[in-house]
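Trainee:
2 protein chains.
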Amino acid sequence: MKLHEKPFGIAIHGGAGTILREQMSEEKEGEYRSNLNAVIQAANKLLILGGTAIDAVELAVMMLEDCPLFNAGKGSVFTAQGGHEMDASIMDGTTLEAGAVSLIKSIKNPVQLARKVMEKSGHVFLAGEGAEKFAFEQGFEKMNDEYFYTDFRYEQLKSAQRSNAVVLDHTDLNEKKFGTVGAVALDIHGRLAAATSTGGMTNKQFGRVGDTPMIGSGTYADDRTVAVSCTGSGEYFIRANVAFQIHSMMLYGQSDIVQAASNVVQNELTKIGGDGGIIAIDRNGRIHFEFNTPGMYRASQSNGEEIYVGIYK
Amino acid sequence: MKLHEKPFGIAIHGGAGTILREQMSEEKEGEYRSNLNAVIQAANKLLILGGTAIDAVELAVMMLEDCPLFNAGKGSVFTAQGGHEMDASIMDGTTLEAGAVSLIKSIKNPVQLARKVMEKSGHVFLAGEGAEKFAFEQGFEKMNDEYFYTDFRYEQLKSAQRSNAVVLDHTDLNEKKFGTVGAVALDIHGRLAAATSTGGMTNKQFGRVGDTPMIGSGTYADDRTVAVSCTGSGEYFIRANVAFQIHSMMLYGQSDIVQAASNVVQNELTKIGGDGGIIAIDRNGRIHFEFNTPGMYRASQSNGEEIYVGIYK
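First to last, the sequence lines map onto chains A and B.
Quick note on numbering: this note's numbering labels position 145 of the first sequence as 148, and the sequence is numbered without any gaps.
Quick note on numbering: this note's numbering labels position 247 of the second sequence as 250, and the sequence is numbered without any gaps.
This is the structure:
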């Protein structure tokens with residue numbers, strides 16, 4: 004059923020990594036699928052009603068932040084100090100405006116703060132206490148630590164501390180999972196947007212900043228080409244400027260979305276040892292998922308047609 | 004006089020902006036020129052002796068940080084709180100390894116800390132107190148605020164506070180200058196490297212992070228193409244991923260260093276309202292300066308030949 008003349012679509016991810024069918028209970032898998040499904044439904048409805056891509060990706064990422072299954076917002080992993088430090092970014096492919104925040108401790112929806120940075124701060128990237136000061140001046144509520152607390156993540160911290168490991172949101176010693184959430188969208192007005200949010204790494208130290216708040220690494224959108232959101236071993240995504248590199252292969256190398264995403268994730272990224280994945284939607288509404296890990300939580304819907312939800316390869 | 008079979012070279016900048024001959028005293032101009040000259044001499048000597056590009060850019064940026072004329076290290080501008088928050092990054096074009104720090108308050112040479120992050124932290128980007136904690140664990144000395152104090156910058160803060168402006172290192176109301184320092188180099192082993200450092204914006208608030216510590220925006224190097232260091236209105240350099248975009252036009256668009264730098268600085272950047280400049284050196288040792296401002300403090304030397312020093316367009 005094609006509701007509009009113009010293409011539109013939404014794609015989301017909830018992290019990539021060693022997500023194996025044999026380690027997943029039926030109940031847990033059902034929870035992931037129903038949450039991914041609900042996010043897509045809400046964002047798709049917004050797009051059908053003529054909403055903008057930037058509103059759609061903000062909404063989708065906020066819903067993923069609010070869901071404790073994913074490592075962003077509520078459900079964020081713990082730092083070495085037993086707290087939370089969250090990062091997020093958002094980009095509008097029409098204006099090339101962008102906003103990002105890093106090392107956020109007490110804001111419910113970091114992606115909402117990233118958007119406020121984009122629209123109201125005169126800057127692109129605010130970090131740490133300064134970013135929170137800006138948030139409170141803009142009327143954001145200060146959440147206490149309890150809001151972000153989940154037993155599951157606390158157990159991960161204790162387990163990581165026992166093994167003295169800095170781990171990316173793993174659920175057991177055999178599982179490596181990059182906990183990030185993200186969304187990309189094309190609206191019926193031809194606008195692209197992307198957003199990404201994360202709680203970072205379990206047992207993280209030293210104010211580490213990953214790729215999520217870095218425009219061009221974790222998030223990029225340009226109406227001429229593509230919108231991209233990434234999840235993976237952030238350091239490698241930064242060094243390869245993954246999101247922007249996919250855009251620039253399409254802009255300067257005449258690659259299509261599949262060629263560009265595949266080359267960057269399977270060649271440029273693996274060459275330096277990076278693993279993870281990306282979601283992307285191009286200006287024609289073509290959606291592509293690319294990852295070099297056993298799985299990536301993901302879902303999409305194009306032109307109001309059937310919803311796709313995937314977890315494994 | 005060609006000392007080596009293999010090409011090598013060094014280029015540096017000390018910021019771009021409204022730098023006008025009519026506003027510059029002969030004495031001041033002489034100081035800038037002699038400092039730029041001394042930095043090039045030292046880095047060139049290192050390269051002639053077979054030193055690596057990464058050592059050359061680190062040395063050059065450290066010398067620029069130590070010189071109070073430039074807005075980085077000693078001579079950094081003041082934040083709204085009357086302190087200093089410095090950013091720096093460095094990248095090795097051979098390994099594509101990179102290091103970056105942001106919101107650093109008490110480290111003499113932020114570029115040195117960025118390199119330590121690259122080599123010892125397991126991460127790429129550390130910010131704020133966490134980054135300083137890492138620094139002290141690595142044996143960096145904690146400098147007190149007095150080290151970074153200069154009358155000139157303090158007057159700039161007072162002037163900015165009177166006009167309630169967040170300004171990028173301006174020296175009077177008619178002058179807009181982006182205070183950043185940077186270096187790019189090619190060594191005789193064919194390795195490229197880039198590094199950038201800044202004291203940020205006078206009267207800066209909210210933990211603002213500019214393009215300087217962002218790999219791909221302010222700094223990028225890849226032996227296949229080019230090494231780039233940027234200076235300018237950081238927010239726009241982030242949105243356009245300026246350094247990486249020059250690299251990707253060369254890698255994917257078959258542009259040469261001049262075409263790529265010119266297109267990115269004069270078209271992609273100005274299109275969204277950004278101003279500033281870049282220095283670049285390609286794998287063949289070709290050096291290029293590109294800026295869309297009236298001036299940029301810059302200098303270079305190729306293959307041990309004559310030193311070039313420039314300030315105005």
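Glycine included, each C-beta is placed from N, C-alpha and C at the ideal position.
At a CB-CB cut-off below 8 angstroms, which residues of chain B make contact with A:E61?
Mentor: The premise fails here: A:E61 is roughly 18 angstroms from chain B at the closest Cβ pair, so nothing lies under 8 angstroms.
Trainee: Can you tell me whether B:Y152 is helix, strand or coil according to DSSP?
Mentor: If DSSP states are grouped into helix, strand and coil, B:Y152 belongs with coil.
Trainee: Are B:N206 and B:A63 close, meaning C-beta to C-beta below 9 angstroms?
Mentor: It is not a contact, given that the beta carbons lie outside the stated cut-off.
Trainee: With burial defined as no fewer than 16 other Cβ atoms inside 10 Å of the residue's Cβ, what is the status of B:A41: buried or exposed?
Mentor: It counts as exposed.
Trainee: Can you name the residues that DSSP bridges to A:S305?
Mentor: DSSP lists A:G12 as partners of A:S305.
Trainee: Going by C-alpha to C-alpha distance, which of B:V245, B:E309, B:Y315 sits closest to B:G12?
Mentor: If we check each option's Cα against that of B:G12, B:E309 comes out closest.
Trainee: For the beta strand (DSSP E) that B:H291 lies in, which residues bound it at each end?
Mentor: First-last of the beta strand (DSSP E) with B:H291: 290-294.
Trainee: Which class does A:R211 belong to by DSSP, given the choice of helix, strand or coil?
Mentor: A:R211: strand per DSSP, three-state reduction.
Trainee: Going by other Cβ atoms of all chains shown within 10 Å of its Cβ, with 16 needed for buried, is B:H173 buried or exposed?
Mentor: Unreliable placement is indicated for B:H173, whose pLDDT of 41 sits below 50; the coordinate value is still reported in the next sentence. B:H173 comes out buried.
Trainee: By Cβ distance, which residues of its chain are closer than 8 angstroms to A:R242, with the 5 residues on each side in sequence left out?
Mentor: Cβ within range, chain order: I275, G277.
Trainee: If you check the beta carbons only, do A:S105 and A:S200 fall under 9 angstroms apart?
Mentor: Contact: no.
Trainee: Is A:I249 helix, strand or coil when you go by DSSP?
Mentor: A:I249: helix per DSSP, three-state reduction.
Trainee: Going by the beta-carbon positions, is the gap between B:E68 and B:A59 smaller than 9 angstroms?
Mentor: No, the pair does not count as a contact, with Cβ atoms beyond the cut-off.
Trainee: Which word fits A:R227, buried or exposed, when buried means at least 16 other C-beta atoms lie within 10 angstroms of its C-beta?
Mentor: The residue is exposed, with fewer than 16 neighbouring Cβ atoms inside 10 Å.
Trainee: Does the beta-carbon of A:Y35 have 16 or more other beta-carbons within 10 angstroms, so that it is buried, or is it exposed?
Mentor: Classification for A:Y35: buried.
Trainee: How many angstroms separate the CA atom of B:Q304 from the CA atom of B:R118?
Mentor: Rounded to the nearest angstrom, the two C-alpha atoms are 24 angstroms apart.
Trainee: Quick check: is the beta carbon of B:K9 nearer than 9 angstroms to any beta carbon in chain A?
Mentor: Cβ-Cβ to chain A under 9 angstroms: no for B:K9.
Trainee: Identify, in the order they occur along the chain, each residue of the same chain with its Cβ nearer than 6 angstroms to the Cβ of A:E88, setting aside the five sequence neighbours on each side.
Mentor: T82, L106, G203, listed in sequence order.
Trainee: Going along the chain, which residues of the stretch 109-132 of chain A sit with their C-beta nearer than 9 angstroms to a C-beta in chain B?
Mentor: If the cut-off is 9 angstroms between Cβ atoms, the stretch 109-132 of chain A has V120, S124, G125, H126, V127, F128, L129, A130, G131, E132 near chain B.
Trainee: Compare the Cα-Cα distances from A:I15 to each of A:G133, A:S28, A:A188 and report the closest residue.
Mentor: The shortest Cα separation from A:I15 among A:G133, A:S28, A:A188 belongs to A:A188.
Trainee: Taking Cβ positions only, does B:N74 come closer than 9 angstroms to chain E?
Mentor: This model lacks chain E altogether, as its protein chains are A and B.
Trainee: Since B:F247 and A:N244 should fall inside the 8 angstroms C-beta cutoff, what is the C-beta to C-beta distance between them, to a whole number of angstroms?
Mentor: With a Cβ gap of about 4 angstroms, B:F247 and A:N244 count as contacting.
Trainee: Does DSSP put B:I314 in a helix, in a strand, or in coil?
Mentor: Strand, per DSSP.
Trainee: With a 10 Å radius around its C-beta and 16 neighbouring C-beta atoms as the bar for buried, classify A:S124 as buried or exposed.
Mentor: By the 10 Å Cβ count, A:S124 comes out buried.
Trainee: From what residue to what residue does the alpha helix (DSSP H) around B:F73 run?
Mentor: No alpha helix (DSSP H) contains B:F73, which DSSP labels as neither H nor E.
Trainee: Would you check if the distance between the CB atom of A:A196 and the CB atom of A:G96 is smaller than 9 angstroms?
Mentor: Contact flag set, yes.
Trainee: Could you pull out every residue in the same chain whose Cβ sits closer than 8 angstroms to the Cβ of A:K77, ignoring the five residues on either side in sequence?
Mentor: The residues are E68, D69, C70, P71, K111, Y150, F151, T153.
Trainee: What in chain A is Cβ-close to B:L272, meaning under 9 angstroms?
Mentor: What B:L272 touches in chain A: nothing, since even the nearest Cβ is about 10 angstroms away.
Trainee: Starting from A:M319, find everything on chain B with Cβ-Cβ shorter than 9 angstroms and list it in chain order.
Mentor: There is no way to answer for residue 319 of chain A, as the model of chain A reaches only from 4 to 316.
Trainee: What's the C-alpha gap between A:R56 and A:H126?
Mentor: Looking at the sequence itself, residue 56 of chain A is Ala, so the reference to Arg does not match. Distance between the alpha carbons of A:A56 and A:H126 is about 21 angstroms.
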